[in-house]
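Below: the structure, in structure tokens.
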Amino acid sequence: MAEERGQAAVELVAALPALLLAALVALQLLAAGYAMTLADGAAEAGALALASGVPAADAARTALPGWAEGNVAVSVAGDTVTVRLLAPSPLRSLADRLAVTSSASARPPR
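Our numbering numbers the first residue of the sequence shown as 2 and each following residue consecutively.
This is the structure we're talking about:
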């Protein structure tokens with residue numbers, strides 16, 4: 002019986018890295034989903050601005066929060082606005098792999 006004392010503490014210490022990794026993966030996936038939602042909104046804002054005759058890239062960038070300022074690329078081709086946004090991540094190489102892209106189109110009124 003004496004040999005089993007502290008067994009739970011040892012198991013907790015052994016499992017802690019796996020729990021932390023699982024939490025980091027879950028948070029990173031949530032951040033990627035959040036970035037996708039933001040990219041969708043920015044692309045739509047850019048397309049609506051383009052249809053109104055306003056510069057689309059400026060409108061798309063304005064629709065994003067401040068942290069995304071250096072992590073976004075906006076391109077306009079015809080009547081389509083495409084936004085590429087890097088998800089927030091502690092590792093830059095991981096952020097590059099989790100970059101999200103969204104496109105939206107709008108035609109000017111006739």
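All residues carry an ideal CB built from backbone N, CA and C; glycine is no exception.
Can you list, in chain order, the residues of its chain whose CB lies under 8 Å from that of D59, leaving out five sequence neighbours each side?
-> As a working note, residue 59 is residue 58 in the sequence shown. Excluding sequence neighbours, D59 sits near A50.
Nearest-angstrom Cα separation, counted from G7 out to A16 = Translated into the one-based positions of the sequence shown, residue 16 becomes position 15. Translated into the one-based positions of the sequence shown, residue 7 becomes position 6. The alpha-carbon atoms of A16 and G7 are separated by roughly 14 Å.
Please classify L13: does DSSP put it in a helix, a strand, or coil?
-> To locate residue 13, count along the sequence shown from 1; it is residue 12. Three-state DSSP puts L13 in a helix.
With distances taken from CA atoms, which of L22, L87 and E45 is nearest D80?
-> Here residue 80 refers to the residue found at position 79 when the sequence shown is read from its first residue. Looking at the Cα atoms, E45 is the closest of the given residues.
Could you check which residue in A74, A27 and W68 has the C-alpha nearest to that of G47?
-> Position 46 of the sequence shown, counted from the start, is the residue given in the question as residue 47. It is A74 whose Cα lies nearest to the Cα of G47.
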